[in-house]
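*Asks:*
Numbering (my numbering), first residue to last: 14 to 170.
#1: Could you tell me how far apart the beta carbons of residue 64 and residue 160 are, in whole angstroms, since I believe they sit closer than 8 Å?
#2: Rounded to a whole number of angstroms, what is the C-alpha to C-alpha distance between residue 130 and residue 44?
#3: Taking contact to mean 3 or more Cβ pairs, one atom from each stretch, closer than 8 Å, check whether the segment 49-64 and the segment 135-142 are in contact.
#4: Measure the CB-CB distance between residue 93 and residue 112 and report whether it falls below 9 Å.
#5: Put residue 129 into one of helix, strand or coil per three-state DSSP.
#6: Counting C-beta neighbours from all protein chains within 10 Å, is the total for residue 35 16 or more, i.e. buried, or is it exposed?
#7: For the alpha helix (DSSP H) that contains residue 73, what are its first and last residues?
#8: Here's the rule: buried if 16 or more other CB atoms are within 10 angstroms of the residue's CB, otherwise exposed. What is residue 141?
#9: When burial is assigned at 16 or more other CB atoms within 10 Å of the CB, is residue 74 buried or exposed?
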């Protein structure tokens, strides 16, 4: 009886530790988390596999953004959970294809693929009558719904 008790207690400790580690895990990313925080975007570790095939999403975005694909030195794709309560300008198609997104109206721990074109040369946007030097962006990222394949947003820096 004592052996069974100790085994049960040990399993409870191990399982609690696993849940604690997973819920507080840091996402593996090549994206600049400081830059993401400036646009109020937070990444979390996804709990499982995406519904959409990673390679299919990558090819879809590379085809749509052929100029960026040919100009970039590298194209990377990451599967992440994204939270961004400030971005709500989704297409009608994206909202219709994902009831969760339509109900909330923003991304909260939302499964996405982030496709990043590295090594591009894109002029940034500046305010009217800006006197300084126009910033040059060297990375462009496209955020895609990992459940439907719909493009949700993009950003560059």
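Virtual Cβ for every residue (Gly too), placed ideally from N, Cα, C.
*Replies:* Looking at the coordinates:
#1: Residue mapping note: residue 64 aligns to position 51 of the chain shown, counting from 1. Residue mapping note: residue 160 aligns to position 147 of the chain shown, counting from 1. So it is a contact: roughly 5 Å between Cβ atoms.
#2: What you label residue 130 is simply residue 117 of the chain shown in a count that begins at 1. What you label residue 44 is simply residue 31 of the chain shown in a count that begins at 1. Answer to the nearest angstrom: the Cα atoms are 11 Å apart.
#3: Result no; under three Cβ-Cβ pairs closer than 8 Å.
#4: Taking the first residue of the chain shown as position 1, residue 93 is located at position 80. Taking the first residue of the chain shown as position 1, residue 112 is located at position 99. No, these two residues do not count as a Cβ contact at 9 Å.
#5: For the purposes of this step, residue 129 is taken as residue 116 along the chain shown, with counting starting at 1. Strand, per DSSP.
#6: Position 22 of the chain shown, counted from the start, is the residue given in the question as residue 35. Summary for residue 35: the model assigns pLDDT 48, below 50, so the residue's position carries little reliability; its value from the coordinates is reported in the next sentence. So residue 35 counts as exposed.
#7: Position 60 of the chain shown, counted from the start, is the residue given in the question as residue 73. DSSP places residue 73 in the uninterrupted alpha helix (DSSP H) bounded by 67-77.
#8: Taking the first residue of the chain shown as position 1, residue 141 is located at position 128. It is exposed - the Cβ of residue 141 has fewer than 16 other Cβ atoms within 10 Å.
#9: Stepping through the chain shown from its first residue, residue 74 is reached at position 61. Residue 74 is buried by the Cβ-count criterion.
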